[in-house]
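Colleague: The structure's right below; bear with me while I get my questions together.
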Amino acid sequence: SWKPGTDCCAWAGINCLNNNRVTSLRLGGQPDQPNTFLSGKISPSLSKLKFLDGIYLQNLNLSGPFPDLLFGLPNLLFVYIEHTRLSGRIPDKIGNLTQLFSLSFYYNLFTGPIPSSISKLTRLSQLNLGGNLLTGSIPYGIKNLNSLNLFNLERNGLSGLIPDFFSSFSELRILRLSRNKFSGKIPASISALAPKLAYLELGHNALTGQIPDFLGNFKALDTLDLSYNGFSGIVPQRFVNLTKIFNLDLSHNYLTDPFPQLYVKGIESLDLSYNSFHLNQIPKWVTSSPIIYSLKLAKCGIKLKLEDWKPAETYFYDFIDLSENEITGSPIGLLNKTDFLVGFSASGNKLKFNLESLRIVKTLKQLDLSRNLVFGK
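Below, the structure written as structure tokens:
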């Protein structure tokens with residue numbers, strides 16, 4: 001619809017006021033094909049759109065440095081430039097955009113440190129710099145952004161301690177710091193987020209110490225990811241309070257028994273693999289879950305006959321990993337009851353079965369039954 005000689009306010013992705021002033025620009029490509037829609041650099045001429053309050057450029061093959069044109073837009077409130085290829089450093093002048101409510105450069109190629117001047121953006125409700133190549137530590141001045149409900153720095157190269165400044169974030173609902181190089185313990189001030197926090201993702205770092213008891217107070221928690229760290233000790237008994245948890249990943253740590261009996265209505269994904277648990281059985285609250293997509297209990301000390309495990313629902317399973325346990329029997333009955341299974345792994349157990357009895361569902365992409373007593377063709 002972008003044709004010369006036509007009214008730009010009628011173009012797809014353009015919003016205007018009644019006086020034909022352009023107020024927002026929304027252009028998005030296909031997530032799996034970002035090169036097919038729009039490529040090149042962001043034109044500096046956009047700075048002429050003085051009434052622009054929102055820029056939304058997503059899944060596009062855009063390149064070049066940080067778009068300085070943003071500094072010439074006095075009414076700009078929302079910036080979402082995501083899944084593009086912008087690179088270089090985020091300039092210190094970012095602190096001049098004090099009117100912003102939302103700032104997202106999710107999945108670009110920005111390098112260098114997070115500018116300390118970003119602490120001047122005190123009106124921000126969302127700060128998303130995840131999926132870049134940022135290094136250094138988190139600026140302590142970010143504690144001034146006390147209106148944040150989303151704070152995402154995942155998938156960068158950030159390091160050092162996670163600052164102990166979260167007591168000022170009374171509105172925070174989403175905290176994502178996974179896949180960085182953070183070390184030390186979980187800051188005590190994170191306990192202040194308990195009333196509202198729904199997503200706490202700290203996986204794939206170098207955090208150590210015990211999982212703090214206060215995480216059991218996060219009754220609104222939907223997702224907790226502490227995987228691939230160096231946590232030790234037991235999982236706090238107060239985890240029984242996490243009745244709304246849907247996604248729990250504690251895998252690849254040094255956690256030990258006992259594991260608390262949770263009271264959840266359903267769980268979408270659970271991964272307790274590669275700790276020092278001796279569960280013996282698949283937890284009852286997992287077996288009774290009416291909906292579960294991913295179950296990973298590799299090397300969890302499970303000792304059972306697989307035919308004796310009768311989950312309330314097999315229809316929804318798309319991935320099951322029971323590798324490196326002491327499971328006997330045959331997986332045939334379980335596998336033949338699943339219709340949408342994508343992956344199943346039970347390697348390194350004591351299973352014994354005839355492979356010819358297995359019904360392979362069309363969705364199955366990964367099947368690992370190695371190091372068992374398998375026969376047949």
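Sequential numbering of the sequence shown, starting at 1, is according to full-length UniProt numbering. Where is the CB? At the ideal position from N, CA and C, for every residue including glycine.
Alpha carbon to alpha carbon, how far is S63 from L148? Give it in angstroms, no decimals.
Modeller: As a first step, residue 148 is located in the sequence shown; it is residue number 148 there, counting from the start. As a first step, residue 63 is located in the sequence shown; it is residue number 63 there, counting from the start. Each residue's Cα considered, the two are about 28 Å apart.
Colleague: Could you tell me how far apart the beta carbons of L270 and L295 are, in whole angstroms, since I believe they sit closer than 8 Å?
Modeller: Within the sequence shown, residue 270 is the residue found at index 270, counting from 1. Within the sequence shown, residue 295 is the residue found at index 295, counting from 1. That pair is a contact at about 6 Å.
Colleague: Is the distance from the Cβ of L77 to the Cβ of G54 below 8 Å?
Modeller: Residue numbering aside, residue 77 sits at position 77 when the sequence shown is read from its first letter. Residue numbering aside, residue 54 sits at position 54 when the sequence shown is read from its first letter. For L77 and G54, yes; Cβs fall inside 8 Å.
Colleague: Let's test the definition: count the other Cβ atoms within 10 Å of the Cβ of S1 and tell me whether it reaches 16, buried, or not, exposed.
Modeller: Counting from 1 along the sequence shown, the entry for residue 1 is found at position 1. Residue placement at S1 is poorly supported in this model, since its pLDDT is 48, which falls under 50; the coordinates still yield a value, given next. By the 10 Å Cβ count, S1 comes out exposed.
Colleague: Between V22, P163, N146, which lies nearest to L121 when the distance is taken from Cα to Cα?
Modeller: Translated into the one-based positions of the sequence shown, residue 121 becomes position 121. When only C-alpha atoms are compared, the closest one is N146.
Colleague: Check Q366 in the structure and name its three-state DSSP category.
Modeller: On the sequence shown, position 366 is the one that residue 366 refers to. Q366: strand per DSSP, three-state reduction.
Colleague: Specify the secondary structure class of S1 as computed by DSSP and reduced to three states.
Modeller: For this step, residue 1 is matched to residue 1 along the sequence shown. Note on S1: pLDDT 48, under 50, position unreliable in the model; the coordinate value appears next. In the structure shown, S1 sits in coil (DSSP, three-state: anything other than H, G, I, E or B).
Colleague: Where do the ends of the alpha helix (DSSP H) carrying L335 lie?
Modeller: Reading the sequence shown from its first residue, position 335 is the one you call residue 335. Unbroken alpha helix (DSSP H) run through L335: 332-335.
Colleague: I need the DSSP call for K196, collapsed to helix, strand or coil.
Modeller: In the sequence shown, the residue the question calls residue 196 occupies position 196. Three-state DSSP puts K196 in coil, outside helix and strand.
Colleague: Measuring CA to CA, which of L364, E324, N20, C9 is closest to L336?
Modeller: The sequence position of residue 336 within the sequence shown is 336, counting from 1. One detail in the question is off: residue 336 reads as Asn in this sequence, not Leu. Measuring from the Cα of N336, the nearest candidate turns out to be L364.
Colleague: Is E268 near F246, with beta carbons less than 8 Å apart?
Modeller: Position 268 of the sequence shown, counting from 1, holds the residue named residue 268. Position 246 of the sequence shown, counting from 1, holds the residue named residue 246. In this structure, F246 lies closer than 8 Å to E268 by Cβ.
Colleague: Enumerate in chain order the residues of its own chain whose CB-to-CB distance from D92 is below 6 Å, with the five nearest sequence positions on each side excluded.
Modeller: As a working mapping, residue 92 is identified with position 92 in the sequence shown. Closer than 6 Å at the Cβ level, and outside the excluded window around D92, lie P115, S117.
Colleague: What's the call for D321, buried or exposed, on a 16-neighbour Cβ count within 10 Å?
Modeller: The residue given as residue 321 occupies position 321 in the sequence shown. By the neighbour-count rule (16 or more Cβ atoms within 10 Å), D321 is buried.
Colleague: Check the C-beta distance from T338 over to T314 and give it rounded, since I have them as a contact under 8 Å.
Modeller: Here residue 338 is taken as the residue at index 338 of the sequence shown, counted from 1. Here residue 314 is taken as the residue at index 314 of the sequence shown, counted from 1. Contact flag correct, Cβ pair sits at about 5 Å.
Colleague: If you draw a straight line from the C-alpha of L202 to the C-alpha of S227, how long is it?
Modeller: Here residue 202 is taken as the residue at index 202 of the sequence shown, counted from 1. Here residue 227 is taken as the residue at index 227 of the sequence shown, counted from 1. Going from the Cα of L202 to the Cα of S227 covers about 7 Å.
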